[in-house]
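Just below is one structure, and these are the notes that go with it.
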Amino acid sequence: MLAGAAADWQARIIVPHCAGCLEPCCRLRTVVLELDWRRLCALYRIDEPRRAFDARLAAGTGPEHIRRQGDRYFAHGQPCPAFDQATHRCAVYGTALKPPSCTDFPIYLDGDVITADRRCEAVDVDALRRHLERAGGTPMAPEPDADFPELVSLVPRAPRRRRHKRERARSSS
Ligand code: SF4
Ligand code: SF4
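No gaps in the numbering here: position 131 of the sequence shown is 155 in the numbering used here, and each next residue is one more.
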């Protein structure tokens, strides 16, 4: 239920805002793009062997805006090469090359917790909370992330009526 409501919000509220967004996430000024090797090669047109590319990164002679952590690569500080700055369109939209993190941003689902990333200017946490509460019939409590204040999780809470019942049970015992 919440997954559907979050996807609906993404489609109706976030995506239509992208064409006129003042600070598109795809510029990678505030957002970091996570990539696997296949997508890194395709988007950044890398045609050298992975070992050679990794060696250049480690030696500090690779692209400054790309770093590696484990088997993943992270791009930040220069617009994504698939981003058309004039139209705000993504050249790999709807293809297997689009990174999953791009599809999810800025609303993430983890179990029954929805996390919103306020680095997206279209995110209105209060409006999203009300939308999810209407869809799920359950109050959602906002919980800012202690380490990343731009992230706010919306966590389902037991309906107030049931809490009152429990409180009555506790006070009468
Ligand atoms: S920051 Fe939000 S509104 Fe702007 S382009 Fe990215 S997803 Fe779209
Ligand atoms: S792959 Fe597409 S959606 Fe992802 S950052 Fe690049 S242009 Fe934006």
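Backbone N, C-alpha and C define an ideal beta-carbon position, used for all residues, glycine too.
Residue range of the unbroken alpha helix (DSSP H) whose run includes residue i
i, result
"E157", "V149 to G160"
"F77", "R74 to A83"
"Y68", "W61 to Y68"
Straight-line gap, residue i to residue j (C-alpha atoms, nearest Å)
i, j, result
"F172", "R142", "10 Å"
"L175", "A120", "27 Å"
"F15", "L52", "Absent from the structure is residue 15, since the part of the chain shown begins at 25 and ends at 197."
"A146", "V39", "9 Å"
"G44", "P105", "19 Å"
"D128", "R75", "30 Å"
"E58", "D134", "18 Å"
"C42", "Q102", "18 Å"
"A79", "Y97", "13 Å"
Burial state of residue i (16 or more Cβ within 10 Å)
i, result
"Y117", "exposed"
"A110", "exposed"
"L46", "exposed"
"H155", "buried"
"P48", "buried"
"T139", "buried"
"P269", "Residue 269 lies beyond the stretch modelled for the chain, which goes from 25 to 197, so this question has no answer here."
"P168", "exposed"
"A35", "exposed"
Residue i Cβ short of 8 Å to ligand 2 heavy atom set
i, result
"P123", "yes"
"C104", "yes"
"C144", "no"
"C45", "no"
"F198", "Outside the shown range of the chain, which is 25 to 197, sits residue 198, and nothing can be said about it."
Continuous beta strand (DSSP E) stretch holding residue i: start and end
i, result
"A140", "V137 to D141"
Whole-angstrom C-beta distance between residue j and residue i, which should lie under 8 Å
i, j, result
"A165", "V179", "5 Å"
"A29", "A159", "4 Å"
Contact test: residue i Cβ vs ligand 1 heavy atom, cutoff 8 Å
i, result
"V39", "yes"
"V147", "yes"
"H112", "yes"
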